[in-house]
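K.L.:
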Amino acid sequence: MSLRALRQPTLAAILGVGALLLVAGCAPASTAQPAPAPESPTAPAPTVEPTAEPEPEPSFDASARSIDDPDSIWVVSNKLRPLDPADFAPDDLVIPENVENEWGQPLRRPAARAVEKLVAAAERAGHGLWIISAYRDYGTQQSLYDGYVARDGRDAADTYSARPGHSEHQTGLAVDLDDHGDCYLAACFGETPAGAWIAEHAQEHGFVIRYPEGSEEITGFTYEPWHLRYVGEDLAREMHETGTETLEEFFDLPPAPGYAE
Ligand SMILES: [Zn+2]
C-alpha cells in the first residue's frame, strides 16, 4: 500500500478515534449544536442538512506547512536536516504555567499551551508529570554535546545527543517529560504507567513521540519515550490515524541514521 493511500483515513478509523476521544473526555466540541429555532413565527425554519450520507473526510494536506522553515511547527530537524540558520532562536518562547520544570526552560507558545493541557490531562488520569528539559539554545546544546563527547566519545554521543544546530530542543517545540520515578531519561520510562499514558494520549494534545522504539535507522536516535515533539493536533492526529510513527516517513524524507560528513 502506498503511503498516500495510508494517509486516507478510513471512516472506521475516524469513528473509532472519535469514540476513543469521547471516552477519554478530551474531544473538542465537535458535535455542533443546531442553532435554536427563531422566536418569530414569520422567520423561515432553519434548513436541516440530510445526515444520511456523511461528507467525505477531506484528505490531509501534507504541504500545508513548511518542513524546512525552523519557525514552522512542522519543521523536520534530524542529522541530515540541520536548522537553517544553525543558530535559529524562536521569538515566542514562554514558560509553561502550572507545570513543574526542572530548569525553568521555556517552549514556543503553542507548545507551552499544549504541554499545560497534556500535563493536566495526565494529572486527571493519575500521572504526575514534570518537565525535565524544553527549549535549549544553540550555545546550551553546544555545551551539552561537547560534554557528552568528552565523556563518552563522539560516536557514542551522536547516538543520544544532537549536535548544535540539529537539536529539536532548539526549535522550542520539543519537551522531555518524567514522572519522578526510576526511569529518568531512560528507555524503561515507556513501560511505566505514565509513559504508557503518554504514548496513548500525546497525540490528542498535538505531540508525537519523536524517537519511537525500533526507528533508530530512520530518526538517527535511540528510543526516547520521554521526548515529545509538538507538531499541532492536525498532524499528530493524522500520524496516529495512519499509523505513521516518524516525521521522516510521513513526509517521505530519507532516513537520517547519521550525519552527512
Ligand atoms: Zn529531548
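Sequence positions in the sequence shown follow mature numbering (1 follows the signal peptide of the UniProt record, and there is no 0) and run -29 to -1, 1 to 232.
Even for Gly, the Cβ is constructed at its ideal location relative to N, Cα and C.
Please read these numbers as outputs of a predicted model, since none were measured by experiment.
When we look at the beta-carbon of Tyr131 and count the other beta-carbons within 10 Å, is it buried (16 or more) or exposed?
P.N.:
Answer is exposed; the Cβ neighbour count stays below 16.
K.L.:
Return the CA-CA distance between Ala121 and Gln112, expressed in angstroms with no decimal places.
P.N.:
Rounded to whole angstroms, Ala121 to Gln112 spans 14 Å at the Cα level.
K.L.:
Would you list the one or two residues that DSSP bridges to Ser114?
P.N.:
Answer is none; Ser114 lacks a bridge partner.
K.L.:
Just to confirm, does His137 get its C-beta within under 7 Å of one of the non-hydrogen atoms of ligand 1?
P.N.:
No, the beta carbon of His137 sits no closer than 7 Å to any heavy atom of ligand 1.
K.L.:
In angstroms, rounded to a whole number, what distance separates the CA positions of Glu73 and Ile103?
P.N.:
Each residue's Cα considered, the two are about 5 Å apart.
K.L.:
With a threshold of 16 other CB atoms inside 10 Å of the CB of Glu188, please say whether the residue is buried or exposed.
P.N.:
It is exposed - the Cβ of Glu188 has fewer than 16 other Cβ atoms within 10 Å.
K.L.:
Thinking C-beta only, is Trp101 closer than 8 Å to His137?
P.N.:
It is not a contact, given that the beta carbons lie outside the stated cut-off.
K.L.:
Relative to ligand 1, is the shortest distance from any of its heavy atoms to the C-beta of Ala145 smaller than 7 Å?
P.N.:
Checking the Cβ of Ala145 against ligand 1 gives yes.
K.L.:
Please check the pair Pro61 and Thr142, which I expect to be a contact at CB under 8 Å, by giving their CB distance rounded to whole angstroms.
P.N.:
Yes, they are in contact, since the Cβ atoms of Pro61 and Thr142 sit about 7 Å apart, within 8 Å.
K.L.:
Pro41 to Glu24, Cα distance in whole Å?
P.N.:
Distance between the alpha carbons of Pro41 and Glu24 is about 41 Å.
K.L.:
Looking at the secondary structure, which residues open and close the alpha helix (DSSP H) in which Val90 lies?
P.N.:
Arg80 to Arg95 is the extent of the alpha helix (DSSP H) around Val90.
K.L.:
What separation, rounded to the nearest whole angstrom, lies between the Cα atoms of Ala29 and Glu209?
P.N.:
Contrary to the premise, residue 29 reads as Pro rather than Ala in this sequence. Computed Cα separation, rounded: 12 Å.
K.L.:
For ligand 1, is there any heavy atom lying closer than 7 Å to the beta carbon of Glu187?
P.N.:
The answer is no for Glu187.
K.L.:
Based on Cα-Cα distance, which residue from Ala170, Val146 and Pro225 lies nearest to Glu71?
P.N.:
Out of Ala170, Val146 and Pro225, Val146 has the C-alpha closest to the C-alpha of Glu71.
K.L.:
Using only the heavy atoms of ligand 1, determine whether one of them is closer than 7 Å to the beta carbon of Glu73.
P.N.:
No.
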